[in-house]
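Remarks on the structure that follows.
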């Protein structure tokens with residue numbers, strides 16, 4: 006584990022060496038050689054705008070509170086043996102310019118800024134087991150939520166749904182999305198599984214427009230994603246066990262198999278599922294402005310990653326190593342590296 010860690014960090018540091026931010030390493034594995042073994046301690050002692058790399062571990066890093074601008078990068082949220090896990094997260098006042106990527110969050114993720122506006126929050130390539138709450142008395146503004154596996158965003162109450170000027174794209178939802186400030190929220194190129202729905206809490210003041218999304222269910226009843234105040238444009242629906250109610254909106258593709266490369270039901274499996282569209286998929290080029298419907302938009306520079314690897318960070322893997330060495334013999338190691 007130490008050898009893999011040092012190889013990874015050498016490549017990682019080479020990428021970041023030209024940047025002004027301080028780079029901090031955290032690893033709670035037994036015997037690890039890192040700056041910290043406790044994530045909260047690293048956050049507390051970090052200077053503003055530091056980059057914190059949180060190494061993969063079998064041990065959850067526990068609860069954390071962030072109250073300063075930081076970039077926190079995990080190794081992966083779903084790699085079979087190299088996963089970075091964090092439990093309960095609180096973003097408090099002064100947590101603007103915060104970015105999380107490559108982390109499996111095993112509890113709630115709470116934005117709890119009671120006194121000051123939080124801006125420029127990026128949640129990218131993460132796995133959220135529970136709800137993302139925007140629950141502070143103040144608002145979170147300029148938010149990007151993309152490339153994640155998400156249970157819920159918000160609740161059916163404005164109290165927990167205070168985010169504005171937000172882009173929600175290229176995510177897999179396995180439950181629901183709640184929006185209050187619909188005028189400034191963009192929802193496009195997501196996949197909703199498990200009868201997931203989108204709710205516009207403030208539907209009396211106008212409609213939320215949803216574009217280029219796929220709604221995929223495996224239920225014996227009729228699946229109906231429609232809710233008052235939500236208009237769907239260029240979206241595709243499918244229920245492989247029954248049917249789907251016609252969506253309210255324009256240019257939608259009703260109850261048609263999206264023809265994913267490999268996905269046989271409405272339960273996401275990071276290790277086996279592939280939501281890339283086959284060459285004969287009805288969703289290819291059927292989105293707004295000729296975009297593809299679903300996760301892999303042709304009109305953006307973002308690429309969804311099943312395992313939550315962070316773009317631009319090289320992944321170094323030891324593929325083989327000599328199991329037994331004679332006294333004075335050589336250790337033979339095969340290393341494979343790729344950049345996401």
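Residue numbers (our numbering): 6 to 345. Each residue gets a CB set at the ideal place from its N, CA and C atoms; glycine is no exception. These numbers come from a predicted model, not from an experiment.
Beta-carbon to beta-carbon, residue 261 and residue 289 are separated by about 12 Å, too far to satisfy the 8 Å threshold. Counting only runs of 3 or more residues that sit fully inside the region 259-305, the beta strand (DSSP E) segments are 265-267 and 279-282, in chain order. Where residue 55 is concerned, the enclosing beta strand (DSSP E) starts and stops at 55-59. Under the three-state reduction of DSSP, residue 95 is assigned to strand.
Residue burial annotation: residue 272 is exposed, with fewer than 16 other C-beta atoms found within 10 angstroms of its C-beta.
Taking residue 40 as the centre and dropping the five residues before and after it, the same chain places the C-beta of 29 and 30 closer than 6 Å to its C-beta, in chain order. Within its own chain, the residues whose Cβ lies closer than 8 Å to the Cβ of residue 199, once the five positions on either side in sequence are excluded, are 179, 180, 222, 271 and 272, listed in chain order.
Contact between residue 33 and residue 66 holds, with the beta-carbon distance rounding to 6 Å and staying under 8 Å. In the three-state reduction of the DSSP assignment, residue 188 falls in the helix class, which pools H, G and I. For residue 69, the uninterrupted beta strand (DSSP E) segment begins and ends at 69-71. Residue 95 is positioned such that its CB atom lies closer than 7 Å to that of residue 115. A straight line joining the alpha-carbon of residue 298 with that of residue 194 spans about 6 Å. In the displayed model, residue 46 falls within a helix according to three-state DSSP. For residue 206 and residue 139, the gap between their C-alpha atoms comes out near 14 Å.
Residue 315 and residue 132 have their C-alpha atoms spaced approximately 13 Å apart. In the three-state DSSP reduction, residue 88 falls in the coil class, being neither helix nor strand. Sequence-distant Cβ neighbours of residue 248 in its own chain, meaning closer than 8 Å and more than five residues away, are 227, 228 and 260. DSSP, reduced to helix, strand and coil, places residue 106 within a strand of the structure shown.
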